[in-house]
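Numbering of the sequence shown is given in UniProt numbering, commencing with residue 1 and proceeding in unit increments.
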Amino acid sequence: MIGADDLATKTTTTTKKKTTRKKTTSPQKKLVIVESPSKAKTIGKYLGRSYKVVASLGHVRDLPKSRMGVDVENDYQPDYISIRGKGDVIKELRKDAKKAKAVYLASDPDREGEAIAWHVANLLKMDPNEKNRVTFHEITKDAVKDAFKEPRTINMDLVDAQQARRVLDRLVGYSISPILWKKVKKGLSAGRVQSVALNLIIKREEEIKNFKPEEYWTLDGTFKKGSEEFTAAFYGQNGKKEKLPNQAAVQAILQKLNRQQPFEITDVTKKERKRQPQPPFTTSTMQQDANRRLNFRTRKTMMAAQQLYEGINIGQGAAVGLITYMRTDSTRIAGIAKHEAAQFIHDEYGAEYAATKPVKGKLPEGAQDAHEAIRPTSVLRTPAKMKPYLTSDQYKLYNLIWSRFVASQMTPEVTDTVSATVSQNGVDFRANGSKVKFPGFTKVYKRGQEKDNLLPELAVHDAVKLVGDNPAQHFTQPPARYTEAALVKTLEENGVGRPSTYAPTLDTIQRRYYVRLEARHFEPTELGEIVNQIIVKQFPEIVNVKFTAEVEGDLDQIEEGKKQWVKVVDEFYQPFEKEVKTAEEQVAKIEMKDQLAGIDCEICGAPMVIKMSRYGKFYACSRFPDCRNTQTIVKDTGITCPTCHQGTVVERKSKKNRLFYGCSRYPDCEFVSWDRPVGRDCPKDGHFLVEKKVKGGKQVVCPNGDYEEPMQK
């Protein structure tokens, strides 16, 4: 029951006048648009609550995929459309921009980033004269805040340079690709820079096939002074250098030597050699070193570098960009970074390790030098300190970048070298020794083997004894196939492509199955050779390295405001259009005949054939389309499966096109190995042995690490 007092209280409460609160509107925020969510997250923490940072997720507009999208009759005007799937992103950007107090465009500081900013500005109908473009070359608190103090207008020279590249690539791709579809097979395509890369790989393959090895011999002597032995190589006769072309030449030299008589030290030269550190990384050198040292593919390197640039959470909720912008061809270093590095080297290694004049890198021809080199945003964030916050790939790449930068600010390595000539009866041998006197930059960043090669103390007229000789036959080797590192280096040296193009170029020629990576080296496929043959014959300028480099130079001049993009495109397209028309008439249809596979279809019993697709060769039933049976082609090694002992070990490819070994009875037997089994068991623990590729050859090892056999060259 409710008492009187309760009723009175209730009545009072209910009859009280209702007070209404005024609805307060949140203050308008400044909107910042970047490309990626991780970059947005990092920058958002630096700018604070008065800013809202959102991501466009890359480009928002592009040329249509279904047609050329370039009006060649109207100054090559591109017909940009919103990218499919970006509707919701664009809708949110417009909504946020409408509410915002101001809008800033903070995409990456290069042509591509400038173009993204321009496309976003067009979609949001922003004033082209408004200072709303913000750029920074490192994502640190100070760099970001300083950038927002000096916004600028969108640089249309940069936009035009990117637009010219996009239009040129579209004109080439959408003109040549239909010819390849008609004359070879559907699904093929060609591109401006990728055609040069493919041609380089095929030319190298031709060099290898046409290479004729030449015989030559070496003759090493083992000499003894007192109890110490050392090795010297045959140099020549009577002070003149001489080659040993065959075994007869070696025997003639050996017959001149009297093993019973001592040899004389006729010359000893001692020198001090200084080896300078390399400059900090550019995009190209970073990709090359990551490939050589870390076995990173070019795309993997750029992904890890992007993550390090955009920001890593290093504790206490503080995300920070660990490296400067990773698309650059410059080796310049900011003064503040040099000062910080010098102080760090003084404190960590000692004053004698800090260079007074750090090494300056030579820029490749056509380099834009627009940004700094790739370096850590703070040298105090050592790899050891950052390791807990990084993935394995991020750590490996950060360690490489950090070490290379610190080394570039250090003193040279100093080595004492000694060269001694050992002679008898006019026959000269040379012995070379070295000992590191001062490690310099190699304290941080080693380049190859740093081991000492010591000789006994030798002086002119000393007598030494020949205790053994080792003549060896050799043959000259053909040039090596391109690795990713070597191909990137060649493209850069020839001025083909720019830092942002290397990774997508190499990725494209592999995805289209024009080339394949075997043991980290590029090999052209049959399909690649056919496509290259057509392009070389019908479009010689496209694969002409010099011509392609000149086009890159024209794009740089557009960026610098020295050339008009429409004129550059027109100068390229007018002769190219004639070549396209000629090719349509002259190129004969190429029949890619199916080869008999030697097996029958397990469904209908008809013969299976080998067909070619853009992803490689595969088995298919000859009765296609009546029978649609297909099989993956696997290479049988003939080695019995070490797990089930019934099937055989076959080569297979992973989803990422990486070679591995499995059992032919899969899925009944699930044996897999990244390394090729050799068909023998380890004498120590009974585990199956595998063959590993090592520098200089192959080595049989036990995966458990307890046993290995001598390397086979």
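The C-beta atom is built at its ideal place from N, Cα and C for all residues, glycine as well.
Residues bridged to residue i by DSSP?
{"i": "Leu31", "result": "Lys52, Val103"}
{"i": "Phe475", "result": "Glu215"}
{"i": "Lys465", "result": "Lys224"}
{"i": "Ala232", "result": "Gly221"}
{"i": "His521", "result": "Glu518"}
{"i": "Val436", "result": "Thr415"}
{"i": "Lys653", "result": "Leu659"}
{"i": "Gly187", "result": "According to DSSP, which records beta bridges pairwise, Gly187 is partnered with nothing at all."}
{"i": "Ser673", "result": "Tyr661"}
{"i": "Gly315", "result": "None, per the DSSP bridge assignment."}
{"i": "Pro78", "result": "Val70"}
{"i": "Ala620", "result": "Val609, Thr630"}
{"i": "Arg447", "result": "Per DSSP, none; premise fails for Arg447."}
How would you write the range of the beta strand (DSSP E) that residue i sits in, first residue to last?
{"i": "Trp217", "result": "215 to 225"}
{"i": "His119", "result": "Premise fails: His119 lies in the alpha helix (DSSP H), 111 to 123, not in any beta strand (DSSP E)."}
{"i": "Lys243", "result": "Taken as a continuous stretch (DSSP letters only), Lys243 belongs to no beta strand (DSSP E), as it is neither H nor E."}
{"i": "Leu689", "result": "688 to 694"}
{"i": "Ile83", "result": "From DSSP, Ile83 is part of no beta strand (DSSP E); its letter is neither H nor E."}
{"i": "Leu596", "result": "595 to 600"}
Considering residue i, what are the terminal residues of the alpha helix (DSSP H) in which it resides?
{"i": "Thr548", "result": "545 to 559"}
{"i": "His339", "result": "335 to 348"}
{"i": "Arg165", "result": "156 to 183"}
{"i": "Ile208", "result": "192 to 210"}
{"i": "Phe148", "result": "141 to 149"}
{"i": "Gly44", "result": "37 to 47"}
{"i": "Gly495", "result": "Premise fails: Gly495 is in no alpha helix (DSSP H) and is neither H nor E."}
Taking residue i and residue j to be in contact with their CB atoms under 8 angstroms, please state how far apart those CB atoms are, rounded to whole angstroms.
{"i": "Leu188", "j": "Ser177", "result": "7 angstroms"}
{"i": "Val422", "j": "Phe547", "result": "With a Cβ gap of about 54 angstroms, Val422 and Phe547 do not count as contacting."}
{"i": "Thr442", "j": "Glu352", "result": "That pair is no contact at about 14 angstroms."}
{"i": "Ala319", "j": "Lys45", "result": "6 angstroms"}
{"i": "Asn199", "j": "Val543", "result": "4 angstroms"}
{"i": "Ile534", "j": "Lys185", "result": "Wrong, their Cβ atoms sit about 12 angstroms apart, outside the cutoff."}
{"i": "Leu105", "j": "Asn132", "result": "6 angstroms"}
{"i": "Tyr683", "j": "Tyr707", "result": "Per the sequence shown, residue 683 should be read as Pro rather than Tyr. Indeed, because the Cβ distance is near 7 angstroms, the residues count as touching under 8 angstroms."}
{"i": "Ile202", "j": "Glu529", "result": "6 angstroms"}
{"i": "Ser664", "j": "Asp681", "result": "Not quite, the Cβ-Cβ distance comes to about 20 angstroms (not below 8 angstroms), so this is no contact."}
{"i": "Val609", "j": "Ala597", "result": "6 angstroms"}
Can you have a look at residue i and say buried or exposed, based on whether 16 or more other CB atoms are within 10 angstroms of its CB?
{"i": "Lys23", "result": "Low per-residue confidence applies at Lys23: pLDDT is 46, beneath 50, and the placement is therefore not dependable, though the value from the model is reported in the following sentence. Under this definition Lys23 is an exposed residue."}
{"i": "Phe660", "result": "exposed"}
{"i": "Ile509", "result": "buried"}
{"i": "Pro280", "result": "buried"}
{"i": "Gly697", "result": "exposed"}
{"i": "Arg481", "result": "buried"}
{"i": "Trp674", "result": "exposed"}
{"i": "Arg297", "result": "buried"}
{"i": "Gln288", "result": "buried"}
{"i": "Gln163", "result": "buried"}
{"i": "Val694", "result": "exposed"}
{"i": "Cys604", "result": "exposed"}
{"i": "Glu365", "result": "Any reading at Glu365 needs caution, since the residue's pLDDT is 46, under 50, leaving its predicted position unreliable; the model's value is listed next. Glu365 is exposed by the Cβ-count criterion."}
{"i": "Asp369", "result": "Per-residue confidence for Asp369 stands at a pLDDT of 41, beneath the threshold of 50, marking its modelled position as unreliable; no derived number is given."}
{"i": "Gln646", "result": "exposed"}
{"i": "His66", "result": "The sequence given here places Ser at residue 66; His does not occur at that position. Looking at its Cβ environment, which holds fewer than 16 other Cβ atoms inside 10 Å, Ser66 is exposed."}
{"i": "Ala342", "result": "buried"}
{"i": "Gly113", "result": "buried"}
{"i": "Trp181", "result": "exposed"}
{"i": "Pro109", "result": "buried"}
{"i": "Ser38", "result": "buried"}
{"i": "Leu390", "result": "buried"}
{"i": "Thr25", "result": "Reliability fails at Thr25, whose pLDDT of 47 lies under 50, so the model's placement of it is uncertain and the value that follows must be treated cautiously. So Thr25 ends up on the exposed side."}
{"i": "Leu47", "result": "buried"}
{"i": "Gln251", "result": "exposed"}
{"i": "Arg21", "result": "Caution is warranted here: a pLDDT of 48 is assigned to Arg21, below 50, making its placement in the model unreliable, and no coordinate value can be reported."}
{"i": "Pro392", "result": "Going by the sequence as given, residue 392 is Ser instead of Pro. So Ser392 ends up on the exposed side."}
Worksheet item: Using 8 angstroms as the Cβ pair cut-off and three pairs as the minimum, do the segment 220 to 227 and the segment 561 to 569 touch?
Response: no
Worksheet item: Counting pairs of beta carbons, one from the segment 371 to 386 and one from the segment 233 to 246, are three or more of them closer than 8 angstroms?
Response: no
Discussion item. Three Cβ pairs or more, each shorter than 8 angstroms: is that satisfied between the segment 84 to 92 and the segment 134 to 142?
Written reply: no
Discussion item. Below 8 angstroms, how does it come out for the segment 274 to 291 and the segment 498 to 516: are there three or more Cβ pairs, yes or no?
Written reply: yes
Discussion item. Measuring CB atoms only, is the segment 524 to 539 touching the segment 126 to 133, in the sense that at least three cross pairs come out at less than 8 angstroms?
Written reply: no
Fill in: Given 8 angstroms, three or more beta-carbon pairs between the segment 248 to 262 and the segment 300 to 313
Output reads no: the segment 300 to 313 does not touch the segment 248 to 262.
Item to complete: Check whether the segment 468 to 478 touches the segment 262 to 277, taking contact to mean three or more Cβ pairs, one atom from each stretch, closer than 8 angstroms.
Response: no
Item to complete: Count the CB pairs spanning the segment 94 to 102 and the segment 55 to 75 that are closer than 8 angstroms, and state whether there are at least three.
Response: no
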